[in-house]
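Residue numbers (our numbering), protein chains in the order written: chain A, 12 to 138; chain B, 472 to 692. Virtual Cβ for every residue (Gly too), placed ideally from N, Cα, C. Worksheet: one structure, shown below.
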Amino acid sequence: MTALRGQPRKGGRLVRPYTMTGGRTGADQPRFALEALVSATATGLRTRSQFHWEAAEIIAMTRRQTAIIELAALLDVPIGVVRVLTADLLEKGAVSVVDPPSQTVAEKDSRAYTDLLQKVLDGIKAL
Amino acid sequence: MESKPSDQTPLIPVKIVVAGGFGVGKTTFVGAISEIEPLRSEAIITEASAGVDELYVDTNKTHTTVAMDFGRITLQNHLVLYLFGTPGQDRFHFMWNELARGAIGAVVLVDTRRIEACFAAIDFFEQRETPFVVAVNTFHGQKLHGEEEVRTALQIGPEVPLLYCDARVRVDVQRVLAAVVEHALSRVGSDDPDDEYPNLGAAAEGPIEGRFGSLRGGVTD
């Protein structure tokens, strides 16, 4: 049987796409879910020109709520890059982020989670 | 068009994971119901740390990327459902943690001609206690194996819903997704969360490596 690939190793080098983020990986930032929805704020739209290209593009694309993973696909950059840029924008009040409720609700409140699932089920059936 | 930011009720995102072996029809399944053409996103990964989007990579290897296909369905009540196809190759299984986190549930898509290709997915969701249904992709209307035969081959108990579907057909996909949510609903509210999957041990019949072992080693039946 194939062993687990590799052992953790120290060191390494920068991965090129992260030059867009100044080399930051977002390890110290909130880790948005892939489906977390980003939307531009009025502040973001007003100050858009002050941001670098990819960040400004995120603001433009999120006039309509758009998921982290969609931004990555549409901008053609790795998901991690979008996470870092979005965290920056969030910190500056340029976007807001809606996290998926299922991650926290399920653990804390089964009643609320049941309600959510029921709505999702109704929604799927109504398609 | 320049416009003010959305001031409607914000959408709430939820997700369902679509897993199964390489080439089983995951992207077809997603595409059959998604309101957008399935899109592909990439994450940079390192095998060494099994992390996603890690900055530092093995000095001897270059980084690699893993692709995930996904689709979107806007539902009533301000909900938006994302469907994520898992990367098919075995070596990307660790990515599934990222995908499964927060998922309502999962679909394990099965091609009965290559049934072993989905063992890893079933093992994963059982171990993680993610509610999942098995959907046998019948392709051209072929139903090659009966339900009991499939259940036996997959070592799944009666608590796991099993459906047949044609991954190209929207209503089939809709029915499977509804089954996932119904199954998830049936699992909520259990007094003891640790007891949500009472059949975990029995269904897996031994350690998780069981199905992986047969998958990799090609153990005969």
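Delimiting residues of the alpha helix (DSSP H) encompassing residue i
i                            : result
leucine 128 of chain A       : 121-136
valine 642 of chain B        : 641-658
glycine 55 of chain A        : 53-57
phenylalanine 610 of chain B : That residue, phenylalanine 610 of chain B, is in no alpha helix (DSSP H); it is neither H nor E in DSSP.
isoleucine 570 of chain B    : The residue you asked about is not isoleucine; residue 570 of chain B is leucine in the sequence shown. 566-571 is the span of the alpha helix (DSSP H), which, as asked, contains leucine 570 of chain B.
aspartate 594 of chain B     : 590-599
alanine 83 of chain A        : 79-86
glutamate 68 of chain A      : 64-72
glutamate 620 of chain B     : 618-625
N- and C-terminal bounds of the beta strand (DSSP E) containing residue i
i                         : result
leucine 100 of chain A    : From DSSP, leucine 100 of chain A is part of no beta strand (DSSP E) but of the alpha helix (DSSP H) over 90-102.
leucine 708 of chain B    : Given that chain B is displayed from residue 472 to residue 692, the structure contains no residue 708 of chain B and the question cannot be resolved.
leucine 634 of chain B    : 633-636
isoleucine 504 of chain B : Counting along the chain, isoleucine 504 of chain B falls outside any beta strand (DSSP E), though it belongs to the alpha helix (DSSP H) covering 497-504.
leucine 580 of chain B    : 576-581
alanine 490 of chain B    : 483-491
serine 107 of chain A     : 106-109
Contacts that residue i makes with chain A (C-beta to C-beta distance below 9 Å)
i                         : result
leucine 546 of chain B    : Lys130, Val131, Asp133, Gly134, Ile135, Ala137 and Leu138
proline 481 of chain B    : Leu48, Ser50, Gln76, Ser107 and Val109
isoleucine 541 of chain B : Reading the sequence as shown, one finds phenylalanine at residue 541 of chain B and not isoleucine. Correct list: Leu45, Glu46, Ala78, Ile80, Glu81 and Ala84.
leucine 625 of chain B    : In chain order: nothing, as chain A lies at least about 20 Å away.
Interface residues of chain A facing residue i [CB-CB closer than 8 Å]
i                        : result
lysine 497 of chain B    : Per Cβ cutoff of 8 Å: no residues; lysine 497 of chain B is ~15 Å from chain A at best.
glutamate 513 of chain B : Ala83, Pro89 and Ile90
leucine 552 of chain B   : Val131, Gly134 and Ile135
Anticipated Cβ contact below 8 Å, residue i with residue j, distance rounded
i                         : j                            : result
glycine 91 of chain A     : alanine 514 of chain B       : 6 Å
cysteine 636 of chain B   : valine 652 of chain B        : Not a contact, Cβ separation roughly 15 Å.
alanine 44 of chain A     : proline 111 of chain A       : 5 Å
serine 107 of chain A     : serine 50 of chain A         : 6 Å
leucine 552 of chain B    : leucine 546 of chain B       : 6 Å
leucine 570 of chain B    : alanine 606 of chain B       : Leucine 570 of chain B to alanine 606 of chain B, Cβ: 17 Å. No contact.
alanine 78 of chain A     : leucine 48 of chain A        : 6 Å
lysine 497 of chain B     : valine 485 of chain B        : With a Cβ gap of about 18 Å, lysine 497 of chain B and valine 485 of chain B do not count as contacting.
isoleucine 544 of chain B : leucine 82 of chain A        : So it is not a contact: roughly 18 Å between Cβ atoms.
leucine 550 of chain B    : isoleucine 483 of chain B    : 5 Å
valine 621 of chain B     : phenylalanine 603 of chain B : About 14 Å separates the two Cβ atoms, so there is no contact after all.
alanine 434 of chain B    : lysine 136 of chain A        : Here chain B comprises residues numbered 472 to 692, so residue 434 of chain B is not present and cannot be evaluated.
arginine 584 of chain B   : leucine 625 of chain B       : Actually they are not in contact, since the Cβ atoms of arginine 584 of chain B and leucine 625 of chain B sit about 14 Å apart, beyond 8 Å.
Under 8 Å by beta carbon: chain B residues contacting residue i
i                      : result
glycine 104 of chain A : Near glycine 104 of chain A there are no residues of chain B at all, since even the closest Cβ is about 12 Å away, more than 8 Å.
Amino acids of chain A, ordered along the chain, whose beta-carbon sits closer than 7 Å to that of residue i
i                       : result
lysine 486 of chain B   : Glu46 and Pro111
arginine 599 of chain B : Correct list: empty, because the minimum Cβ distance to chain A is about 13 Å.
leucine 510 of chain B  : Glu81 and Ala84
Check your understanding: Does the stretch 508-515 of chain B come within contact of the stretch 572-580 of chain B, defined as at least 3 CB pairs closer than 8 Å?
Key -> no
Review point. Closer than 9 Å, Cβ to any Cβ of chain B: which residues of the stretch 118-130 of chain A, in chain order?
Key: Glu118, Ser121, Arg122, Tyr124, Thr125, Leu127, Leu128, Gln129 and Lys130
Check your understanding: What residues in the stretch 567-587 of chain B have a beta carbon less than 8 Å from any beta carbon of chain A?
Key -> For the stretch 567-587 of chain B, which is checked against every Cβ of chain A, the residues closer than 8 Å are Glu569, Leu570, Arg572, Gly573, Ala574 and Ile575.
Review point. What residues from the stretch 55-85 of chain A come within 7 Å of chain B, judged by C-beta to C-beta, listed N to C?
Key: Leu56, Arg74, Arg75, Gln76, Ala78, Ile80, Glu81, Ala83 and Ala84
Review point. What are the residues of the stretch 630-664 of chain B that lie near chain A, defined by any Cβ-Cβ distance shorter than 7 Å?
Key: Gln645, Leu648, Ala649, Val652, Glu653, Ala655, Leu656, Val659 and Gly660
**Study point:** Contact the stretch 86-103 of chain A vs the stretch 120-133 of chain A: 3+ CB pairs below 8 Å
**Key:** no
Practice item. Report yes or no: do three or more beta-carbon pairs, one from the stretch 536-545 of chain B and one from the stretch 496-507 of chain B, lie closer than 8 Å? Key: yes
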